[in-house]
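Notes to accompany the following structure.
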Amino acid sequence: MWARSLRMRRARIEDDMKCALQRMEELKEDHKSVQAQLDALYYPVLSLPVEIISEIFTHCLPVGNATISLSTAPLVLLGICKYGINLGVLFCFSLGTL
Numbered sequence: 637m638w639a640r641s642l643r644m645r646r647a648r649i650e651d652d653m654k655c656a657l658q659r660m661e662e663l664k665e666d667h668k669s670v671q672a673q674l675d676a677l678y679y680p681v682l683s684l685p686v687e688i689i690s691e692i693f694t695h696c697l698p699v700g701n702a703t704i705s706l707s708t709a710p711l712v713l714l715g716i717c718k719y720g721i722n723l724g725v726l727f728c729f730s731l732g733t734l
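Add 636 to a position in the sequence shown, counting from 1, and you land on the number used in the working numbering.
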């Protein structure tokens, strides 16, 4: 009786594993579909010349002794995309602030 119970338990586990693998495949397909949709998005800011984006950063700098916060421009602009982060870092280097 004990061996039979173990075989039944093993069979349930194998069924659960098959279901989990099937679900994983479904999730992979969903992930692939969502990624394709994200890749198809167009971000107009990415088509702006570096000089224009640099001007935007310049105009967002605080005046006087004002402090820069992560929730305000220009740092909030860095959250637009990876390109914005790279540009922001390069811009800070050009100002000599890093």
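A virtual CB, placed ideally from N, CA and C, is assigned to each residue, including glycine.
Pairing Pro698 with Ile692 gives a Cβ-Cβ distance that is not under 7 Å. In the structure shown, Met637 adopts coil according to DSSP, grouped into three states. Around the CB of Ile689, 16 or more other CB atoms lie within 10 Å, so the residue is classed as buried.
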